[in-house]
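>
2 protein chains.
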Amino acid sequence: MTKDVVVEHGESSKAPLVGPVASGVGRAVSVADVFLRFLAIIGTIASAIAMGTTNETLPFFTQFIQFEAKYSDLPSFTFFVAANAVVCTYLVLSIPLSIVHIIRPSARYSRLILVFFDAAMLTLLTAGASAAAAIVYLAHKGNVRANWFAICQQFDSFCERISGSLIGSFAAMVLLIMLIFLSAFALARRH
Amino acid sequence: MTKDVVVEHGESSKAPLVGPVASGVGRAVSVADVFLRFLAIIGTIASAIAMGTTNETLPFFTQFIQFEAKYSDLPSFTFFVAANAVVCTYLVLSIPLSIVHIIRPSARYSRLILVFFDAAMLTLLTAGASAAAAIVYLAHKGNVRANWFAICQQFDSFCERISGSLIGSFAAMVLLIMLIFLSAFALARRH
Numbered sequence: 007m008t009k010d011v012v013v014e015h016g017e018s019s020k021a022p023l024v025g026p027v028a029s030g031v032g033r034a035v036s037v038a039d040v041f042l043r044f045l046a047i048i049g050t051i052a053s054a055i056a057m058g059t060t061n062e063t064l065p066f067f068t069q070f071i072q073f074e075a076k077y078s079d080l081p082s083f084t085f086f087v088a089a090n091a092v093v094c095t096y097l098v099l100s101i102p103l104s105i106v107h108i109i110r111p112s113a114r115y116s117r118l119i120l121v122f123f124d125a126a127m128l129t130l131l132t133a134g135a136s137a138a139a140a141i142v143y144l145a146h147k148g149n150v151r152a153n154w155f156a157i158c159q160q161f162d163s164f165c166e167r168i169s170g171s172l173i174g175s176f177a178a179m180v181l182l183i184m185l186i187f188l189s190a191f192a193l194a195r196r197h
Numbered sequence: 007m008t009k010d011v012v013v014e015h016g017e018s019s020k021a022p023l024v025g026p027v028a029s030g031v032g033r034a035v036s037v038a039d040v041f042l043r044f045l046a047i048i049g050t051i052a053s054a055i056a057m058g059t060t061n062e063t064l065p066f067f068t069q070f071i072q073f074e075a076k077y078s079d080l081p082s083f084t085f086f087v088a089a090n091a092v093v094c095t096y097l098v099l100s101i102p103l104s105i106v107h108i109i110r111p112s113a114r115y116s117r118l119i120l121v122f123f124d125a126a127m128l129t130l131l132t133a134g135a136s137a138a139a140a141i142v143y144l145a146h147k148g149n150v151r152a153n154w155f156a157i158c159q160q161f162d163s164f165c166e167r168i169s170g171s172l173i174g175s176f177a178a179m180v181l182l183i184m185l186i187f188l189s190a191f192a193l194a195r196r197h
């Protein structure tokens, strides 16, 4: 097949040029891969920290009850922090492999491994972000039918903080989809 | 590169055999792709139907309030049904392209398109399933700190049904990760 295409493009006489040009594109893809991974690391770490440090104590309290809201009160938020931490760790560990791809753009099986783990991590991150988003929505709106009240009426800054912390995760989700596509694109190129 | 490896494997004299053997593996991967898509269609459609038809009316009611629980009372469940329906539709539409890959195992750019949309649909499905799971968890356990009560104590069969409907989606998520990996594997093979 490779030979056919080279002939089609009329480049059979320029054969020595094909290698460097192709690896130039592969290198650009690998550089983009490292760059996107860095952005995703920033997104997930920002999300984990923003959520993990959320804590609001209301200025009034009775003798028995102190009104305090922490992220760890809701299991979905704990899962959110854990998912972001795991994905962030994975991304940091994947950077060296990604840098190897800049040096060796034609590597294939290591890219395949990255595609698989990127997809698994995308699923984990989406699960965490989406579960947290469902609870944030409930905290804002409440639910009349289930008799769940909107806690954001009391815990105003708590709610702002947990809503904002979702942004980094959702950005990282988009970046991971792009990373999967980039790896697949690098694999689709003829070597 | 292609030539180097052929020489390394000492198969330069068997060159005519490489084509059919390689396309045999490619064909097997494509058949597995179609099969996994069918399974994922069954999973998503079962989830959407199980959740979409959930409805429980308690046998007692007052003059003013009838105790009824429907999936559409909770926005997360509506999103869950919509996400499953969209992913199911996409999977049905992707089957023809997947069948084309059985006939032409070396197709590359159409596989690339499938990888991208598979990843996007994986994200959508995970978001739906995970948001629904967060609410199902809340319905079972409630949350003392937020004053949200476990509604499953009253709506027993409703809760069983919504819990069960998640299974199909989570199975489809695993299948979609496998589909992305299969496509990447098909792309990683030398053509």
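Protein sequence lines correspond, in order, to chains A and B.
Residue numbering for the first sequence follows this note's numbering, beginning at 7 and increasing consecutively.
Residue numbering for the second sequence follows this note's numbering, beginning at 7 and increasing consecutively.
All C-beta atoms, glycine included, are put in the ideal place defined by N, C-alpha and C.
Going by the beta-carbon positions, is the gap between residue 164 of chain A and residue 75 of chain A smaller than 8 Å?
Sequence index remark: in the first sequence, residue 164 of chain A carries index 158 (1-based). Sequence index remark: in the first sequence, residue 75 of chain A carries index 69 (1-based). Their beta carbons are under 8 Å apart, which means residue 164 of chain A touches residue 75 of chain A by this criterion.
> Among B:37, B:31, B:30 and B:190, which residue has its Cα nearest to the Cα of residue 114 of chain B?
Counted from its first residue, the second sequence places residue 114 of chain B at position 108. Closest by alpha carbon: B:190.
> Quick test of the definition: if touching needs 3 or more C-beta pairs under 8 Å, does the segment 141 to 156 of chain A touch the segment 100 to 112 of chain A?
At 8 Å Cβ cutoff, the stretches do not touch.
> Go ahead and label residue 78 of chain A buried or exposed: buried means 16 or more other beta carbons lie within 10 angstroms of its beta carbon, across all protein chains shown.
Mapped onto the first sequence, residue 78 of chain A falls at position 72. Residue 78 of chain A is exposed by the Cβ-count criterion.
> State yes or no: is the C-beta of residue 33 of chain A within less than 8 Å of the C-beta of residue 111 of chain A?
As a position in the first sequence, residue 33 of chain A is number 27, starting the count at 1. As a position in the first sequence, residue 111 of chain A is number 105, starting the count at 1. Contact: yes.
> Please report the distance separating the alpha-carbon of residue 91 of chain B from that of residue 109 of chain A.
Counting from one through the second sequence, the residue named residue 91 of chain B turns up at place 85. Counting from one through the first sequence, the residue named residue 109 of chain A turns up at place 103. If I take the Cα positions, the gap works out to 43 Å.
> Tell me which residues share the same chain as residue 177 of chain A and place their Cβ nearer than 7 Å to its Cβ, disregarding the 5 neighbours each side in the sequence.
Position 171 of the first sequence, counted from the first residue, corresponds to residue 177 of chain A. Only 49 meet the Cβ criterion.
> What does residue 155 of chain B touch in chain A if you count any residue whose Cβ is under 9 Å from its own?
Translated into positions along the second sequence, residue 155 of chain B becomes position 149. The answer, in chain order, is 152, 153 and 154.
> Just mark residue 58 of chain B as buried or exposed, buried being the case when its beta carbon has 16 or more other beta carbons within 10 Å.
Counted from its first residue, the second sequence places residue 58 of chain B at position 52. Buried: at least 16 other Cβ atoms inside 10 Å.
> Output needed for residue 186 of chain A: all residues of its chain with C-beta closer than 8 Å, excluding positions within five of it in sequence on either side, in chain order.
In the first sequence, counting from the first residue as 1, residue 186 of chain A sits at position 180. Within the same chain, residue 186 of chain A has close Cβ partners 121, 124, 125 and 128.
> Exposed or buried, which one is residue 183 of chain A when buried takes at least 16 other CB atoms within 10 Å?
For this step, residue 183 of chain A is matched to residue 177 along the first sequence. Result: buried.
> Would residue 149 of chain A pass as an interface residue toward chain E - the criterion being a Cβ-Cβ separation below 8 Å?
Note that chain E does not occur in the displayed structure, where the protein chains are A and B.
> Chain B partners of residue 82 of chain A, CB-CB under 7 Å?
If you number the first sequence from 1, residue 82 of chain A lands on position 76. Those are 140, listed as they occur along chain B.
> Comparing C-alpha positions only, which one of A:150, A:180 and A:173 sits nearest to residue 56 of chain A?
Your numbering for residue 56 of chain A matches position 50 in the first sequence. Considering only alpha carbons, the answer is A:173.
> Can you tell me the Cα-Cα spacing of residue 24 of chain A and residue 36 of chain A, whole angstroms?
In the first sequence, counting from the first residue as 1, residue 24 of chain A sits at position 18. In the first sequence, counting from the first residue as 1, residue 36 of chain A sits at position 30. Residue confidence is low: residue 24 of chain A scores 45 on pLDDT, short of 50, so the model does not pin down where it sits. No coordinate-derived value is stated.
> Under the rule that 16 or more other beta-carbon atoms within 10 Å means buried, what is residue 162 of chain A, buried or exposed?
Start at 1 with the first residue of the first sequence, and residue 162 of chain A comes out as number 156. Label assigned to residue 162 of chain A: exposed.
> For a contact defined as C-beta to C-beta under 8 Å, what are the partners of residue 187 of chain B on chain A?
Counting from 1 along the second sequence, the entry for residue 187 of chain B is found at position 181. Ordered by position in chain A, the residues that pass the 8 Å Cβ test against residue 187 of chain B are 118, 121, 122 and 125.
> Is residue 183 of chain B close to chain A? Criterion is C-beta to C-beta, closer than 8 Å.
Numbered from 1 along the second sequence, position 177 holds the residue referred to as residue 183 of chain B. Answer yes: the Cβ-Cβ gap between residue 183 of chain B and chain A drops below 8 Å somewhere.
> Excluding the 5 residues preceding and the 5 following residue 84 of chain B in the sequence, name in chain order all residues of the same chain whose CB lies nearer than 8 Å to its CB.
Here the question's residue 84 of chain B lines up with position 78 in the second sequence. For residue 84 of chain B, where only same-chain residues beyond five positions count, the Cβ hits under 8 Å are 77 and 78.
> Could you pull out every unbroken alpha helix (DSSP H) segment of at least 4 residues lying fully inside the segment 26 to 105 of chain B, listed in chain order?
The segment 26 to 105 of chain B contains no whole alpha helix (DSSP H) run of 4 or more residues.
> Hey, would you say the C-beta of residue 49 of chain A is under 7 Å away from at least one heavy atom of the ligand ATP?
Within the structure as shown, the ligand ATP is missing, as the structure has no ligands at all.
> Could you pull the start and end residues of the alpha helix (DSSP H) that residue 136 of chain A belongs to?
In the first sequence, the residue the question calls residue 136 of chain A occupies position 130. Segment 115 to 147, the alpha helix (DSSP H) holding residue 136 of chain A.
> Of all Cβ atoms in chain B, is any one closer than 8 Å to the Cβ of residue 114 of chain A?
Within the first sequence, residue 114 of chain A is the residue found at index 108, counting from 1. Closer than 8 Å to some Cβ of chain B, the Cβ of residue 114 of chain A qualifies, so yes.
> Would you mind reading off the limits of the alpha helix (DSSP H) that contains residue 173 of chain B?
The count along the second sequence starts at 1 and reaches residue 173 of chain B at position 167. Run containing residue 173 of chain B: 162 to 194, per the alpha helix (DSSP H) assignment.
> Take residue 2 of chain A and list the residues in its own chain whose beta-carbon comes closer than 8 Å to its own, dropping the five residues that flank it on each side.
In the structure as shown, chain A begins at 7 and stops at 197. Residue 2 of chain A is therefore absent and cannot be evaluated.
> Just checking: is the beta-carbon of residue 79 of chain B within a distance shorter than 8 Å of some beta-carbon in chain A?
For this step, residue 79 of chain B is matched to residue 73 along the second sequence. So yes, residue 79 of chain B belongs to the interface.
> Taking Cβ positions only, does residue 164 of chain B come closer than 8 Å to chain A?
Translated into positions along the second sequence, residue 164 of chain B becomes position 158. No, because no Cβ of chain A sits closer than 8 Å to the Cβ of residue 164 of chain B.
> Within 8 Å of any Cβ in chain A, is that where the Cβ of residue 175 of chain B sits?
To locate residue 175 of chain B, count along the second sequence from 1; it is residue 169. Not closer than 8 Å to any Cβ of chain A, the Cβ of residue 175 of chain B fails to qualify, so no.
> For residue 60 of chain A and residue 86 of chain A, what's the separation of their Cα atoms in angstroms?
Numbered from 1 along the first sequence, position 54 holds the residue referred to as residue 60 of chain A. Numbered from 1 along the first sequence, position 80 holds the residue referred to as residue 86 of chain A. If you take the alpha carbons of residue 60 of chain A and residue 86 of chain A, they lie about 13 Å apart.
> Tell me whether the beta-carbon of residue 98 of chain B lies closer than 8 Å to the beta-carbon of residue 47 of chain B.
The sequence position of residue 98 of chain B within the second sequence is 92, counting from 1. The sequence position of residue 47 of chain B within the second sequence is 41, counting from 1. In this structure, residue 47 of chain B lies closer than 8 Å to residue 98 of chain B by Cβ.
> Cβ closer than 8 Å: which chain B residues qualify as neighbours of residue 193 of chain A?
Position 187 of the first sequence holds residue 193 of chain A. Those are 190, 193 and 194, listed as they occur along chain B.
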